[in-house]
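Note sheet for the following structure.
Residue numbers (our numbering): 6 to 209.
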């Protein structure tokens with residue numbers, strides 16, 4: 006799943022579950038239907054809320070959003086329906102992409118030209134402009150054949166630099182296992198919040 010699709014899905018789901026929560030509150034306080042509608046709507050919303058926050062941090066890390074943009078994306082999760090216009094805002098600013106920038110862990114050499122960003126790969130090389138030697142059309146500056154792709158098609162991706170990017174690189178290397186681990190983390194946090202009760206009761 007691309008950063009664009011991941012974030013759009015999370016933002017839309019967050020808005021939809023706000024609808025469920027609001028409908029549950031209307032059912033409780035207007036129709037006097039009891040606590041069940043709020044518990045169901047609130048439970049679903051709480052789980053999706055945590056999932057949206059995880060997706061925001063993941064996309065923020067990969068696309069290198071400004072800190073203010075990332076924090077705003079997290080803060081707006083507590084404002085009903087605000088995640089959808091925010092997703093459209095970052096889309097218009099070019100902060101979403103159909104491809105991950107960070108390369109999966111272990112798929113790029115650490116001291117090779119292939120590990121450089123795509124922008125660096127297109128910069129002029131030493132001796133650029135000299136006539137090509139027959140049989141060496143696909144060679145680099147050292148005369149070694151340049152690979153057409155790098156480790157399963159990650160050409161143009163960048164090696165992880167920061168601790169957050171290194172963690173993201175591990176997630177991208179093993180997406181299914183990492184997705185399961187993130188799901189367990191979200192469920193655990195959700196269970197803790199359920200045990201703590203509504204925020205209005207946290208300091209009672």
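Virtual Cβ for every residue (Gly too), placed ideally from N, Cα, C.
Model, not experiment: these values are computed from the prediction.
Who are the Cβ neighbours of residue i in its own chain at under 6 Å, not counting the five residues just before and after it?
i           : result
residue 39  : none
residue 7   : 103
residue 184 : none
residue 49  : 22, 25
residue 85  : 23
residue 57  : 15, 19, 82
Between residue i and the rest of its own chain, which residues show a CB-CB distance below 8 Å, the 5 nearest in sequence each way excluded?
i           : result
residue 43  : 26, 29, 30, 32, 33
residue 197 : none
residue 9   : 96, 101, 102, 103
residue 69  : 106
residue 182 : none
Can residue i and residue j be called in contact, C-beta distance under 7 Å?
i           : j           : result
residue 87  : residue 81  : yes
residue 78  : residue 66  : no
residue 51  : residue 195 : yes
residue 59  : residue 177 : no
residue 55  : residue 191 : yes
residue 211 : residue 110 : Nothing about residue 211 can be read from this structure; the chain reaches only from 6 to 209.
With a threshold of 7 Å on Cβ separation, who are the neighbours of residue i within its own chain once the five nearest residues in sequence on each side are excluded?
i           : result
residue 53  : 18, 19, 22
residue 170 : 66, 107
residue 45  : 29
residue 89  : 16, 17, 20
How would you label residue i, buried or exposed, when you count the other beta carbons within 10 angstroms and need 16 or more for buried?
i           : result
residue 24  : exposed
residue 162 : buried
residue 189 : exposed
residue 180 : exposed
residue 15  : buried
residue 97  : exposed
residue 193 : exposed
residue 75  : buried
residue 201 : exposed
residue 164 : buried
residue 173 : buried
Requested in this report: Could you tell me whether the region 79-94 touches the region 102-110, using the rule of 3 or more Cβ pairs below 8 Å?
Outcome: The region 79-94 is not in contact with the region 102-110.
Requested in this report: Only counting runs of 4 or more residues, tell me where the alpha helix (DSSP H) segments fall wholly within the region 29-68, in order along the chain.
Outcome: 41-68
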